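Participant: Numbering (the working numbering), first residue to last: 7 to 238. Each residue gets a CB set at the ideal place from its N, CA and C atoms; glycine is no exception. This structure is a prediction, so every number in the text was calculated from the model and none was measured.
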Amino acid sequence: MVPQGKPAVGRVLSHWHAMAESFATSSMDFYRAVEEDIAAREIPDVRCSRVEFKESGIGSAGREYLRVERGDLAFDVCAAPFGRGFFFSWWLSRQPLHARWVVLLFFVVIVGGAMALPTVGGLILMTANSCLGLMILPLSPLAGVLAVVGCVVAARTGRLGPDEKFVDVPLIGWIYGRLFRPETYYSVDTTTMFQESVRRSVNGVIDGLFEAQGIRALTEAERKPTVRDLIK
Numbered sequence: 007m008v009p010q011g012k013p014a015v016g017r018v019l020s021h022w023h024a025m026a027e028s029f030a031t032s033s034m035d036f037y038r039a040v041e042e043d044i045a046a047r048e049i050p051d052v053r054c055s056r057v058e059f060k061e062s063g064i065g066s067a068g069r070e071y072l073r074v075e076r077g078d079l080a081f082d083v084c085a086a087p088f089g090r091g092f093f094f095s096w097w098l099s100r101q102p103l104h105a106r107w108v109v110l111l112f113f114v115v116i117v118g119g120a121m122a123l124p125t126v127g128g129l130i131l132m133t134a135n136s137c138l139g140l141m142i143l144p145l146s147p148l149a150g151v152l153a154v155v156g157c158v159v160a161a162r163t164g165r166l167g168p169d170e171k172f173v174d175v176p177l178i179g180w181i182y183g184r185l186f187r188p189e190t191y192y193s194v195d196t197t198t199m200f201q202e203s204v205r206r207s208v209n210g211v212i213d214g215l216f217e218a219q220g221i222r223a224l225t226e227a228e229r230k231p232t233v234r235d236l237i238k
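The following block contains the structure:
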């Protein structure tokens, strides 16, 4: 089953398109060929899937795209007939964490619960005239700190999904992003490497199809994408 998606999600980093006149092929065969080329490149931590985007609003027809994901990056490829020609395009975007408010609520419940346990326990013991309550109450801040550390470790080790997306969580995302996911030369280079690897797979498959049908190959200018700001 093809998952449903929105046609304009995330922050677009780069985009490319080309129109081939008097050319025809199968969109599904094209997607499969690109997937095979990507697999042969052995790009680390890459997931390929098909996603259906609505052409417009509610009730409009859907169009199937090939999605290549790595962390919070999504490379969406479109191949579709248009009149007597064939249209190719791709979009590289940084995907937001759609459940960011749920994650924030989860964080508040975990940390708040961890701090509440020793507080409630200490108050109950103090009500029973037990000195042990005075010893338990100071453990509340420590429990909160341990809960925060546990959440951070779970995020950093990927147990809660790609940790790049946690920078989108309100309030704590700002702190998390600056401490654990700052923009660096390495992170920008990695984004560029991912884009170039998938882009070359797309271009390679197009070149093979054009050559098989005697179509002129794309020029370097026609291959050049529109690149936006890679830095957040």
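Three-state secondary structure (DSSP) at A218?
Facilitator: Reduced to three states, the DSSP call for A218 is helix.
Participant: Which residues bound the alpha helix (DSSP H) around A161?
Facilitator: 145-162
Participant: Any chance you could list the alpha helix (DSSP H) runs of at least 4 consecutive residues sitting entirely within the segment 172-236, in chain order?
Facilitator: The qualifying runs are 178-186, 191-218, 226-229.
Participant: Could you say if the segment 19-37 and the segment 87-99 meet the contact criterion of at least three C-beta pairs nearer than 8 Å?
Facilitator: yes
Participant: Where does A39 sit, in a helix, a strand or coil, going by DSSP?
Facilitator: helix
Participant: By a C-beta neighbour count over all protein chains shown, 10 Å radius and 16 as the cutoff for buried, is V8 buried or exposed?
Facilitator: Because the pLDDT of V8 is 48, which lies under 50, any placement of that residue in the model is unreliable, and the question is left without a value.
Participant: Near V158, which residues of its chain fall below 8 Å by C-beta distance, leaving aside the five closest residues on each side in sequence?
Facilitator: Y182, F186
Participant: Tell me which residues share the same chain as S95 and place their Cβ nearer than 6 Å to its Cβ, disregarding the 5 neighbours each side in the sequence.
Facilitator: Closer than 6 Å at Cβ, skipping near neighbours: H23, C84.
Participant: Among residues of its own chain, excluding the 5 on either side of L145, which ones have a beta-carbon nearer than 7 Å to its beta-carbon?
Facilitator: P124
Participant: Determine the direct distance from the alpha carbon of V109 to that of G214, and round the result to whole angstroms.
Facilitator: 45 Å
Participant: Would DSSP call S28 helix, strand or coil?
Facilitator: Reduced to three states, the DSSP call for S28 is coil.
Participant: Since V211 and A39 should fall inside the 8 Å C-beta cutoff, what is the C-beta to C-beta distance between them, to a whole number of angstroms?
Facilitator: 5 Å
Participant: Look up R73 in the DSSP assignment and say whether it is helix, strand or coil.
Facilitator: In the structure shown, R73 sits in a strand (DSSP, three-state: E or B).
Participant: Rounded to whole angstroms, how far is the Cβ of R73 from the Cβ of V52, which I believe are closer than 8 Å?
Facilitator: Between V52 and R73 the Cβ distance is about 11 Å, and since that is not below 8 Å, they are no contact.
Participant: Identify whether P124 lies in helix, strand or coil by the three-state DSSP scheme.
Facilitator: helix
Participant: Measuring only the C-alpha atoms, how far is R222 from L79?
Facilitator: 32 Å
Participant: Cα separation between P147 and V154?
Facilitator: Going by the C-alpha atoms only, they are around 11 Å apart.
Participant: Within this structure, are the beta carbons of Q201 and L98 separated by less than 8 Å?
Facilitator: yes
Participant: Is L177 closer than 8 Å to R100 when the C-beta atoms are compared?
Facilitator: no
Participant: Alpha carbon to alpha carbon, how far is R206 from K230? Give it in angstroms, no decimals.
Facilitator: 11 Å
Participant: Within this structure, are the beta carbons of V117 and G150 separated by less than 8 Å?
Facilitator: Result yes, Cβ atoms of V117 and G150 sit closer than 8 Å.
Participant: Taking a contact to mean a Cβ-Cβ separation below 8 Å, would you say E4 touches C54 in this structure?
Facilitator: There is no way to answer for residue 4, as the model of the chain reaches only from 7 to 238.
Participant: Measuring only the C-alpha atoms, how far is A227 from E75?
Facilitator: 26 Å
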